[in-house]
Amino acid sequence: MADYKLDAVKGRQGDVSSQTGAESWFYSDVVKEHFFSPKNFVMGEEDMSAYNAIGKVGSPACGDELRVWMKVDAETERIQDFRWKTFGCGSAIASTSMASVMVTENGGMTLAQARKLKPQDIMERLGGLPTRKFHCSVLCDKALRDAINDYYRRTDQFDKIIVAAKRLVDPVANVTDHDIEEAVLDGALTLDAVQQRTKVGIGNPTCLPAVEELIRFYREKYFGAD
Ligand code: FES
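With the sequence shown counted from 1, adding 231 to any position gets you the working numbering.
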């Protein structure tokens, strides 16, 4: 596995550094392979009616969209097939292609296992992504979660549906935890940077400790430990 580091978190120049220490925007060979030969991509107008779960998500960061279709075995709840289509960029294509392989390899993940799949797991298998492209791998993670919810909804397992509700963090600037998440994913990794983007806490400094905690949480979630 490639030894890549997330330089934005380390406060250094360059988005991804290679094993040789070269610091630049680059895509790993694995990313290129999945971009040029995407796995499980839906070509043209295929009949997808045999698929029993569908997920859809749009990215507020870039306006791109992703749709996924899953075939879930009713007995084992393992993902037997995972197909997808996107208007997203090369990183979204590579990330979703890799995710489609990961959830179906070795007999397929159960839905419970697939829910534990994180964007970092996909990025590790890809050998890293440029920092500004992390939100693209989050796109496929969210579409997968949407499809899992769709399966549970179709099979009347309503208690297993997990919906990420937004929480208002700063009622003055009307900023939610979701806005903080999007800012971090878009590369704002410090309080200053998040404030420049969202204006959070400027007219309401009492919320700043909560904001700093959220920044730490999302940095850890998407970029790993400092
Ligand atoms: S998915 Fe929109 S820039 Fe990558």
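Think of the CB as a built atom: it goes at the ideal place given N, C-alpha and C, for glycine as much as any other residue.
Spatial distance of residue i from residue j (CA atoms)
i      : j      : result
Arg309 : Val334 : 9 Å
Ser368 : Thr362 : 11 Å
Pro440 : Asp410 : 16 Å
Lys204 : Ala325 : Only positions 232 to 457 of the chain appear in this structure, which leaves residue 204 out of reach.
Val299 : Gly338 : 19 Å
Glu451 : Leu420 : 10 Å
Met274 : Leu297 : 14 Å
Tyr258 : Gln426 : 30 Å
Glu443 : Ala323 : 28 Å
Val261 : Asp352 : 14 Å
Asn280 : Val303 : Going by the sequence as given, residue 280 is Ser instead of Asn. Their Cα atoms are separated by approximately 13 Å.
Cys371 : Phe266 : 14 Å
Met301 : Ser328 : 13 Å
Glu355 : Arg376 : 19 Å
Phe448 : Pro402 : 20 Å
Assigned exposure category for residue i - 16 Cβ within 10 Å defines buried
i      : result
Glu276 : exposed
Ser268 : exposed
Glu306 : exposed
Phe454 : buried
Ala253 : Confidence in Ala253 is poor, its pLDDT being 44 and thus under 50, which makes the residue's placement unreliable; the coordinate value appears in the next sentence. So Ala253 counts as exposed.
Ala343 : exposed
Lys347 : exposed
Opening and closing residue of the alpha helix (DSSP H) in which residue i lies
i      : result
Asp417 : Element bounds for Asp417: n/a, residue is neither H nor E.
Thr317 : Looking at the DSSP string, Thr317 is not in any alpha helix (DSSP H); the run it does join, the beta strand (DSSP E), is 310-317.
Ile379 : 365-385
Gly460 : Here the chain covers residues 232 to 457 and nothing more, so residue 460 does not appear.
Ala345 : 342-347
Asp260 : 260-267
Ala441 : 439-454
Beta carbon proximity, residue i to chain B, threshold 8 Å
i      : result
His265 : Absent here is chain B; the protein component of the structure consists of one chain.
Continuous beta strand (DSSP E) stretch holding residue i: start and end
i      : result
Ile353 : Per DSSP, Ile353 belongs to no beta strand (DSSP E); it is in the alpha helix (DSSP H), 350-357.
Glu296 : 296-303
Lys287 : 284-289
Asp401 : 399-401
Rounded Cβ spacing between residue i and residue j (contact assumed at less than 8 Å)
i      : j      : result
Ile446 : Leu422 : 6 Å
Gly286 : Ala345 : Contact flag wrong, Cβ pair sits at about 11 Å.
Ser331 : Lys430 : That belief does not hold up - the Cβ atoms of Ser331 and Lys430 are roughly 38 Å apart, past 8 Å.
Is the region 388-399 touching the region 316-333 in the sense that three or more CB pairs, one from each, lie closer than 8 Å?
no
Counting beta carbon pairs with one atom in the region 387-394 and one in the region 283-302, are three or more of them shorter than 8 Å? no
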